[in-house]
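Peer 1:
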Amino acid sequence: MTSWSARAREIESFKVMDLLKRAKALDSEGHDVVHMEAGEPDFPVALPVRRAAHAALDAGFTQYTPAAGIPELRARIARFYQERYGLDIAPERVVVTSGASAALMMTFALLAEPGQGFMMADPGYPCNRQFLRFIEAHSQLVPTGAGERYQLNSELVRRHWQANTAGVLVASPANPTGSVLHKDELLALSGAVKELGGHLVVDELYHGLTYGFDAPSVLEVDDSAFVINSFSKYFGMTGWRLGWLVAPEAAVPELERMAQNLYISPATLSQHAALAAFEPESLAIFEERRQAFAARRDRLVAGLRELGFDVPLLPEGAFYVYADASHLTDDSFSFCWQLLEELHIAATPGLDFGRHQASRFIRFSYTTGLERIELALARMADFIARR
Numbered sequence: 001m002t003s004w005s006a007r008a009r010e011i012e013s014f015k016v017m018d019l020l021k022r023a024k025a026l027d028s029e030g031h032d033v034v035h036m037e038a039g040e041p042d043f044p045v046a047l048p049v050r051r052a053a054h055a056a057l058d059a060g061f062t063q064y065t066p067a068a069g070i071p072e073l074r075a076r077i078a079r080f081y082q083e084r085y086g087l088d089i090a091p092e093r094v095v096v097t098s099g100a101s102a103a104l105m106m107t108f109a110l111l112a113e114p115g116q117g118f119m120m121a122d123p124g125y126p127c128n129r130q131f132l133r134f135i136e137a138h139s140q141l142v143p144t145g146a147g148e149r150y151q152l153n154s155e156l157v158r159r160h161w162q163a164n165t166a167g168v169l170v171a172s173p174a175n176p177t178g179s180v181l182h183k184d185e186l187l188a189l190s191g192a193v194k195e196l197g198g199h200l201v202v203d204e205l206y207h208g209l210t211y212g213f214d215a216p217s218v219l220e221v222d223d224s225a226f227v228i229n230s231f232s233k234y235f236g237m238t239g240w241r242l243g244w245l246v247a248p249e250a251a252v253p254e255l256e257r258m259a260q261n262l263y264i265s266p267a268t269l270s271q272h273a274a275l276a277a278f279e280p281e282s283l284a285i286f287e288e289r290r291q292a293f294a295a296r297r298d299r300l301v302a303g304l305r306e307l308g309f310d311v312p313l314l315p316e317g318a319f320y321v322y323a324d325a326s327h328l329t330d331d332s333f334s335f336c337w338q339l340l341e342e343l344h345i346a347a348t349p350g351l352d353f354g355r356h357q358a359s360r361f362i363r364f365s366y367t368t369g370l371e372r373i374e375l376a377l378a379r380m381a382d383f384i385a386r387r
């Protein structure tokens with residue numbers, strides 16, 4: 001019998017992908033599944049981006065690029081920080097990556113030694129824990145609730161810091177809760193991490209998808225922080241597998257060497273297409289979509305509350321509602337599978353996002369249209385009435 005490595009055996013499944021696989025199978029069988037499980041916008045890729053991809057293909061841009069990305073895209077991302085945040089970021093600090101996952105993996109590999117830990121909130125994005133396992137480090141999960149807005153703060157960081165803590169990872173807006181760290185919170189958090197001698201990494205993947213305000217970047221208060229971002233969420237380019245990180249300039253050579261060995265380079269066509277994502281026509285499309293997400297959020301939150309779910313925190317950003325289902329079930333994992341198999345509604349159990357109160361919570365993505373949200377709410381209302 002083949003024996004795989006302990007490292008491979010320890011990697012946990014990404015449960016939402018298991019659900020998605022089953023949901024797609026139900027789709028193929030002809031069932032009408034309402035997809036509220038994956039963090040993928042339902043809108044098509046913006047037309048300027050598609051046009052740019054065709055033009056790049058016709059121009060023959062199909063070969064490897066520099067490992068840190070084409071200079072034009074690094075410069076355009078740097079200019080975006082000036083336009084959106086008023087920050088002067090040198091293009092040399094921008095490393096374009098094969099999705100934000102590659103950026104996170106390389107950042108952890110840069111900052112954490114084997115045996116060290118990275119502090120992060122529970123609940124949080126599940127793959128971060130697995131990235132650390134790949135490099136033989138580990139996650140130091142800190143239970144958070146609605147009282148902390150599901151975020152780490154300076155007090156929690158000081159209280160839970162350990163001798164082997166390498167740094168702190170926060171997400172703003174956060175997956176699965178949609179909570180946002182504001183400038184004073186980022187400043188206090190940065191101060192605590194510096195005081196303790198660690199590194200601060202901030203996942204800003206959902207920037208641009210906040211409702212009623214714009215989220216601040218940690219770079220506005222801490223130029224030494226590592227920032228992770230992506231073309232997947234606000235820019236709606238999930239399958240193009242393109243992200244970036246902004247790092248202190250001294251860290252870039254090491255990151256570039258890792259990228260050369262792990263990924264060779266980001267996808268060439270994706271990079272040339274992404275240049276068009278910053279055009280005014282594209283940005284206008286993305287802003288229209290932000291308003292659509294806000295309307296979906298409001299309807300879904302209201303509908304879930306009417307059904308008996310508790311939504312302790314109105315999502316400020318991203319496109320998720322983290323709902324407490326404890327009035328309906330004591331096992332949200334089984335409940336999600338029941339929703340899928342019996343009602344053909346796909347949602348993600350809290351178990352994907354950590355351990356703290358995981359059996360109580362379900363994440364619903366509002367990455368589907370209002371009419372589909374209404375259909376899901378109607379199906380659940382009928383199901384709950386019959387229980």
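Using UniProt numbering, the letters of the sequence shown map in sequence onto residues 1 to 387. Quick reminder that beta carbons are idealized off the backbone N, C-alpha and C, glycines included.
1. Taking C-beta to C-beta, are R363 and P176 nearer than 9 angstroms?
2. For a quick check, are the C-beta atoms of G243 and T97 less than 9 angstroms apart?
3. Hey, could you find the ends of the beta strand (DSSP E) F138 is sitting in?
4. Using the rule of at least 16 other Cβ atoms within 10 Å of the residue's Cβ for burial, across every protein chain shown, is R149 buried or exposed?
5. In whole angstroms, what is the alpha-carbon distance linking E287 and E281?
6. Mind checking whether L275 and D222 have CB atoms under 9 angstroms apart?
7. Leaving out five residues before and five after P316 in sequence, what residues of the same chain have Cβ atoms less than 7 angstroms from its Cβ?
8. May I ask which residues mark the beginning and end of the beta strand (DSSP E) holding I70?
9. Would you check if the distance between the CB atom of V95 and the CB atom of A302 is smaller than 9 angstroms?
10. Measuring straight from C-alpha to C-alpha, what distance separates A121 and F309?
11. Do you know how far the Cα of S232 is from the Cα of Y125?
12. With distances taken Cα to Cα, identify the nearest neighbour of S365 among D58, A323 and L245.
13. Quick one: residues in its chain with C-beta nearer than 8 angstroms to the C-beta of Q82, no 5 flanking neighbours on either side, listed in chain order?
14. What would DSSP say about W240, mapped onto helix, strand or coil?
15. Exposed or buried, which one is Q271 when buried takes at least 16 other CB atoms within 10 Å?
16. Taking the alpha-carbon positions, what's the H54 to L340 distance?
17. Following the continuous alpha helix (DSSP H) through G30, name the residue where it begins and the one where it ends.
18. Inspect the beta-carbon positions of L245 and I228 and report whether they are closer than 9 angstroms.
19. Where does S230 land, buried or exposed, given buried means 16+ other C-beta within 10 angstroms?
20. Could you round the C-beta distance between T348 and E37 to whole angstroms and report it? I think they count as a contact, below 8 angstroms.
21. Would you call the segment 26-43 in contact with the segment 56-67, where contact means no fewer than 3 C-beta pairs closer than 8 angstroms?
22. Report yes if the C-beta distance between V16 and D298 is below 9 angstroms; otherwise report no.
23. Distance, Cα to Cα, V45 vs A292?
24. Is the beta carbon of G208 sitting closer than 9 angstroms to the one on R290?
25. If you draw a straight line from the C-alpha of A294 to the C-alpha of S5, how long is it?
26. Quickly, what does DSSP pair R363 with across the bridge? List them, please.
27. In angstroms, rounded to a whole number, what distance separates the CA positions of R159 and F43?
28. For A70, collect the residues of the same chain with a Cβ closer than 6 angstroms to its Cβ; drop the 5 residues on either side in sequence, then sort them by chain order.
29. Using C-beta distances below 8 angstroms, list every residue in its chain close to G167, excluding the 5 sequence neighbours before and after it, in chain order.
30. So is W4 in contact with chain D if we call contact Cβ pairs under 9 angstroms?
31. Give the straight-line distance between the Cα atoms of K24 and F14, rounded to the nearest whole angstrom.
32. Could you tell me the boundaries of the alpha helix (DSSP H) in which D298 lies?
33. Report the option in R7, A100 and A56 whose CA atom is closest to the CA atom of F226.
34. What three-state label does DSSP hand S230 in the structure shown?
35. Counting along the chain, where does the beta strand (DSSP E) carrying F118 start and finish?
36. Can you check DSSP and say which residues form a bridge with A171?
Peer 2: Answer, in terms of the structure:
1. yes
2. yes
3. The sequence shown places His at residue 138, not Phe. H138 -> beta strand (DSSP E) spans H138 to P143.
4. buried
5. 10 angstroms
6. no
7. Per the sequence shown, residue 316 should be read as Glu rather than Pro. The residues are P173, G178, S179, V180, T210 and Y211.
8. I70 -> no beta strand (DSSP E), and no H or E assigned at all.
9. no
10. 23 angstroms
11. 15 angstroms
12. A323
13. D88 and I89
14. helix
15. buried
16. 38 angstroms
17. Here G30 belongs to no alpha helix (DSSP H), and DSSP marks it neither H nor E.
18. yes
19. buried
20. 5 angstroms
21. no
22. no
23. 15 angstroms
24. yes
25. 45 angstroms
26. Y322 and T348
27. 42 angstroms
28. It is worth fixing the name first, because residue 70 is Ile in this sequence and not Ala. Result list for I70: Q271, in chain order.
29. L111, A112, F118, M119, V193, G198, H199, L200 and V201
30. Given the protein chain composition of this structure (a single chain), no chain D is represented.
31. 16 angstroms
32. P280 to E306
33. A100
34. strand
35. G117 to D122
36. D203
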